[in-house]
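> Residue numbers (this note's numbering), protein chains in the order written: chain A, 34 to 371; chain B, 43 to 381; chain C, 30 to 524; chain D, 64 to 422. Ideal placement from N, C-alpha and C gives every residue a C-beta, glycine not left out.
#1: Assuming residue 8 of chain C contacts residue 32 of chain C (C-beta within less than 8 Å), just tell me the rounded distance between them.
#2: In chain A, which residues lie with their C-beta within 9 Å of the C-beta of residue 127 of chain C?
#3: Are the C-beta atoms of residue 349 of chain B and some chain A residue less than 7 Å apart?
#4: Taking all protein chains shown into account, do 16 or more other C-beta atoms lie within 10 angstroms of the C-beta of residue 254 of chain B, making it buried, or fewer, making it exposed?
#5: Determine whether the Cβ of residue 54 of chain A lies closer than 7 Å to any Cβ atom of chain F.
#6: Leaving out the 5 sequence neighbours to the left and right, which residues in its chain are closer than 7 Å to residue 156 of chain A when beta-carbon positions are compared?
#7: List the residues of chain A that residue 332 of chain B touches, going by C-beta distances under 9 Å, in chain order.
#8: Short of 9 Å Cβ to Cβ, which residues in the region 156 to 182 of chain D face chain B?
#9: In chain D, which residues lie less than 7 Å from residue 160 of chain B when you measure between Cβ atoms?
#10: If residue 313 of chain D and residue 223 of chain D are in contact, beta carbons under 8 Å, what's the gap, nearest whole angstrom?
#11: Considering residue 338 of chain B, what are the terminal residues of the alpha helix (DSSP H) in which it resides?
#12: Would you decide whether residue 157 of chain B is buried or exposed? Buried here means 16 or more other CB atoms lie within 10 Å of its CB.
#13: Can you give me the C-alpha to C-alpha distance between residue 434 of chain D and residue 206 of chain D, rounded to a whole angstrom?
#14: Where do the N-terminal and C-terminal ends of the beta strand (DSSP E) with residue 313 of chain C fall, by residue?
#15: Mind pulling the beta strand (DSSP E) runs of 3 or more residues that sit fully within the region 108 to 181 of chain D?
#16: Counting along the chain, where does the beta strand (DSSP E) carrying residue 277 of chain D start and finish?
#17: Closest to residue 242 of chain C by CA distance: which of C/413, C/252 and C/193 is it?
#18: Please list, in chain order, the residues of the region 334 to 345 of chain A that have any C-beta partner in chain B closer than 9 Å.
#19: How far does the alpha helix (DSSP H) with residue 258 of chain D in it extend, from its first residue to its last?
#20: Tell me which residues of the region 47 to 61 of chain C have at least one Cβ-Cβ distance to chain B shorter than 8 Å, keeping chain order.
#21: For the beta strand (DSSP E) containing residue 432 of chain C, list its first residue and its last residue.
#22: When the distance is taken between beta carbons, is residue 184 of chain B closer than 7 Å to residue 340 of chain A?
#23: Exposed or buried, what is residue 68 of chain A when buried is set at 16 or more other beta-carbons lying within 10 Å of its beta-carbon?
#24: Do the region 186 to 203 of chain A and the region 320 to 328 of chain A touch if we need at least three Cβ pairs shorter than 8 Å?
#25: Using Cβ-Cβ distances below 9 Å, what residues of the region 301 to 315 of chain B are close to chain A?
#26: Cα-Cα, which of C/154, C/161, C/81 and C/126 is closest to residue 143 of chain C?
#27: Could you tell me whether the Cβ of residue 122 of chain C comes closer than 7 Å to any Cβ of chain A?
#28: Under 8 Å, with one C-beta from each stretch per pair, do the region 350 to 364 of chain D and the region 317 to 328 of chain D reach the 3-pair mark?
#29: State the DSSP-derived secondary structure class of residue 138 of chain C, mapped to helix, strand or coil.
#30: In its own chain, which residues sit with a C-beta less than 6 Å from the C-beta of residue 164 of chain C, not counting the 5 before and 5 after it?
#31: Chain D beta carbons: is any one of them nearer than 7 Å to that of residue 329 of chain A?
#32: With 16 as the cutoff for other CB atoms within 10 Å, does residue 196 of chain C come out buried or exposed?
#33: State the DSSP-derived secondary structure class of residue 35 of chain C, mapped to helix, strand or coil.
#34: Ordered along the chain, which non-local residues of its own chain (more than five positions away) have a Cβ less than 8 Å from that of residue 331 of chain A?
#35: DSSP three-state call for residue 224 of chain C: helix, strand or coil?
#36: If distances are taken between C-alpha atoms only, which option among D/369, D/288, D/405 and D/243 comes closest to residue 385 of chain D?
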């Protein structure tokens, strides 16, 4: 038996370039933090870091789910509306039954989201409607449902039980629950995508849908799973949202889908499917949040924020393209030398 | 999905049905209008006609180039943001003392440039149009806010604002119907009666075959984005004048309504199929439905649900019909074989 | 004795095209069974039915004597059937080892993927095949031969009882083919059934015990290989004498129409120089992946080249501009009809007039009439069979589709016509028609470049043969010099 | 050929409308334009103070957006008043507070031949042409909460005088800061008319000697968006460690800032005050984050608007300065300059009295 091949040049080049993608985000993050901190040292105070992490948590949870869907060469634009439905459902439930423990709230949120995700998945897979169209449609539909249900109603912080609101501020071992949940979600989904069969099959489906069918991968089951994960995590994010912000109306999470897609794309997940990592998407979420905070602290016109996010998305897509072309070229060169 | 082994029969079934899908939409539109005129008080009035046209003006205009883009299998989600940026710029230029006669062409040119940026990213760099235009959607809207902030510029001359909201000779035909009809004819001819239009269908259905037939795929699509940007900017101007208010948030979310209308009109999101009359019917159907429902005091929230459902159904229904047909044919074949 | 896999009276049609009609045969354990037939005879459809991709319209499949219904490839896989497809079906973003292990990756105790074992398994498989491919590199960027080897490794790894190989050797070198055969024989001797599809008769005789021959979707015969000579097989595949198929007319050779000098494209082809004269049919022969289509696509301008010149009718052509080539009088009937030649969803008339729509327009406007007239004229000249001109071209049979592609380019009145695999996947009758057409066109002074993988076609049609091997010209043979052997040797690099 | 089409496409779209729009010729710039436009002329009818209030009036409310709790309280008051007036109450509105989305609703109300439209304008100018069409169709237009341009409505219900609110905000800030130190403002949008007017008054007040030790360090904008306000509050506290008071003259901002402070270690060190809804603020008043804040009763605004509209539609008043009318339980009101009707002084809420209010 031959030993496992040692690192060949091509492998080094390849893994090097892939790492560059996530490394790029980390470098950008570091540069931004250093610059902001030099002009406003309190940017790195404990309270400030806590705030940034708390703000990242919700976005990162959703980005993890979105990354799974995007890796399969689909997209889920309904996540903002799913967050809204889940947040409002859970908030209403908690205000009506203040005695319910937090875990019930979390489970209900997950379930509501999973149901919405299932609907998306069924329409995409069995209705043969492109994900863009389906989730654009359900984005409208879910939002319309919340509006019709909630109308002008609002669940205020004082109607919610204390332990529900406290959840957003409580910590365990100094790490806020929200951050912990986000870490567990991003870590768990990363692990699933990296080390489990179903994860690799999802990559395979995004990398070459036709070959995935031929390889006997249970494409339908996996695609439903991807949309359910995205929906369920958006639902979970809804619970976290309700707990953190305390004030929930029908517009909760409106427009979030853009930030989530931005985080995923900036985090290096290619919209053409098959490549990118979940933890990259988490980093993307962190980067976007830090940019938002830094702009506030640096006293830069807040209106720039959206423009910067847009420019970042475009930049990230261009960067991915360049990396992909480079890889292809370096591999081809290597082959032609052999 | 688009397995190369899709059977020719399903192509024929799909295509024949598609032709009738336009027919269904056009018929449905007529039915909705007739039913609303009879059943909804105040729907069939001439003033309501004016309002209806004014309400659908932005969607129908933006839908024209969008139809061409989707026929080539691409998409442009940044149109509403270009509209907003055009509106912001219009206000900013106006505040800085430019004359409106300078502003209008200037803003349209800027819109074309914004479209050209999309076109460059998508076609010269070969990036996926969905991702690119989600990016520029955020970018252009952000720039709109950078230009004008949260404020509004309102003091546009009445000669212009009045023209946009006015009617021809004070009758019941709104002035904005002139640009709508003119541009619809132009885009209709370009799509349906020019070599350029022919090439769009070829690109959308199979860009490789189009390339092999000597069609300059990237360049062709590039100009569609330019047209889309210019038209979106024009709509930004009309929007600003209609509401006498230049604001950065003008038209936000419009891209979804436009895409919904185009798909509802029978254009395939995969490209290569669809026609302009269908799209026009789709736009009118959505607008008439919304107008009628609003007159019936159905809330705006329910309108969201209607739009979303129609969007999904417009793609889902033809698929369901075609799969029922295929499975029925298969069953027939099997029965014929066993008997 | 019970067959491992049995195909019983199976039919499958796509629209108007009956791809397979009432075919039956069986695969016994421990046998290598060849499936031969011309392109378009229905072999690939059989493969796809066995793989669970297509469901037969009628007829049944039996595994171990039990009737089975495959609802998808997973079912076929579960039944122990592994397939190596003609076109590689790899996941470009995943590593080679993952590609091989997809679906049955080795797991650790926590049901996580055991990457170390997975990579080791891949390395072991490659060692068995005698090749060196880094199992951790992504599949993207692998050469066609390497991709094919990964496919083979994939099929081997699944421990299948039935191994179906659809032209696995097309892109492999002689050494690699030998290795593959050794491994395949070992599998066969362990009791697996092998189904082997190939156009190379020497491979069939070397490996297989029995052969099933198909023609036009129908089963012709299943017999021991030893009972049939190569000529017998060909005759049964084609169903008529070869000479009638290649009605080469004599043509007067005229001026040089195309001169290609020193054409290079990194990693694809290098230093390509040849000439084509009016009235001449020049064939580009070589193995799949030798760069024939790539060269001609670069000449026509749909692909780029790095250096070299293309002179057409005395004028240098700018690279990468098919429109200029068309305007100068060049036409290209591409290899892949579905993807490159036709827009399947568009109507026949639109397809025929696509390159000509600008010329047909009046004042820049185009109404249906002129297109319809032109399309009607050309489809009639080529005796195309169709319902209405407004029908989508996808509803036609392969042969008629090919006629539409030819009509499309002949309508531009070219001086040079490049035809890439002009008869792939079309029925024998139409094939002869196409050959007659090309011959008569050449006789009328058209210069023709024909890329073809079918040796009889090359030998029967060409005035001159340019043989490519691994991206460069291995030999230029005249009609007189060319024999099956000389072309093959040049193409395979053995002399 | 190709080229000509391309040009056709872009050139047409570019030039066509320019032609149409610039047909009047000559350069029209901001300076030369007549900015007032074609406002509707006031109906010439004169007021008849003794006219009976008509019953069965169709009174429609069009708030800035539907899903806003503050608007809900306002229109809730309107509903009560319309009931007392024996009229038909209707509530319509867009989901988003965008300038243009209200226009379609006004058009619909015109079609439905309402008698009175009570509107909170998202953009004072964008709704103007439509409101004037409504008035031409005989509909009385009362604006509330956020005024439309003066020449396209008949009356405006002002929640309080600008001066009064500005003074009150300054006074509360000073008390909470103990008379000296840094304060900051967390406002709505940079161009919000009401908020800017109040902030102007505050700045003038702060210039007075009794407030000389108070220093306004920054005005931040939360865009009346919950999360944005939340983050802006964070930003203020990070940037100004010595901050003593955040004044937020908007219900969204004060709630978000209170929520942030109550959940951070700034609690007890930084005081929040401003304009807020008692129901939203109750928790923070009780947990000590907020000592006091102020607001008028929004339900009364809607209530008053209904009576003003009914009085207009019945011919009691025309909207001219000095006219008087009775507004049910609120008593008699006098119309001020430019058709403004002022509700009254704001109420201050503290831990002692907050439980008496439910809105």
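The structure says:
#1: Residue 8 of chain C is absent from the structure shown; chain C starts at 30 and stops at 524.
#2: 233, 236 and 237
#3: yes
#4: buried
#5: In the displayed structure, chain F is absent; the protein chains listed are A, B, C and D.
#6: Answer for residue 156 of chain A: 162 and 167, listed in chain order.
#7: Going along chain A, no residue has its Cβ under 9 Å from residue 332 of chain B, so there is no contact; the nearest lies around 13 Å.
#8: Flagged, chain order: 156, 157, 158, 159, 161, 162, 163, 164, 166, 167, 168, 170, 171, 173, 174, 175 and 176.
#9: Going along chain D, no residue has its Cβ under 7 Å from residue 160 of chain B, so there is no contact; the nearest lies around 14 Å.
#10: Incorrect: roughly 14 Å between the Cβ atoms, too far for contact.
#11: Here residue 338 of chain B belongs to no alpha helix (DSSP H), and DSSP marks it neither H nor E.
#12: buried
#13: Absent from the structure is residue 434 of chain D, since the part of chain D shown begins at 64 and ends at 422.
#14: Taken as a continuous stretch (DSSP letters only), the beta strand (DSSP E) holding residue 313 of chain C covers 310 to 315.
#15: 121 to 125 and 151 to 154
#16: 277 to 284
#17: C/252
#18: 334, 335, 336, 337, 338, 339, 340, 341, 342, 343, 344 and 345
#19: Residue 258 of chain D -> alpha helix (DSSP H) spans 256 to 269.
#20: none
#21: That residue, residue 432 of chain C, is in no beta strand (DSSP E); its alpha helix (DSSP H) goes 427 to 439.
#22: yes
#23: exposed
#24: no
#25: 301, 302, 305, 311 and 312
#26: C/126
#27: Against chain A, the CB of residue 122 of chain C has a partner CB under 7 Å away; the residue lies at that interface.
#28: Look at the beta carbons and you see the region 350 to 364 of chain D touching the region 317 to 328 of chain D: at least three pairs across the two are nearer than 8 Å.
#29: Note: residue 138 of chain C maps to coil in three-state DSSP.
#30: 125, 126, 148, 151 and 152
#31: yes
#32: buried
#33: In this structure, residue 35 of chain C counts as strand in the three-state DSSP scheme.
#34: 69, 72 and 73
#35: Correct three-state label for residue 224 of chain C: strand.
#36: D/405
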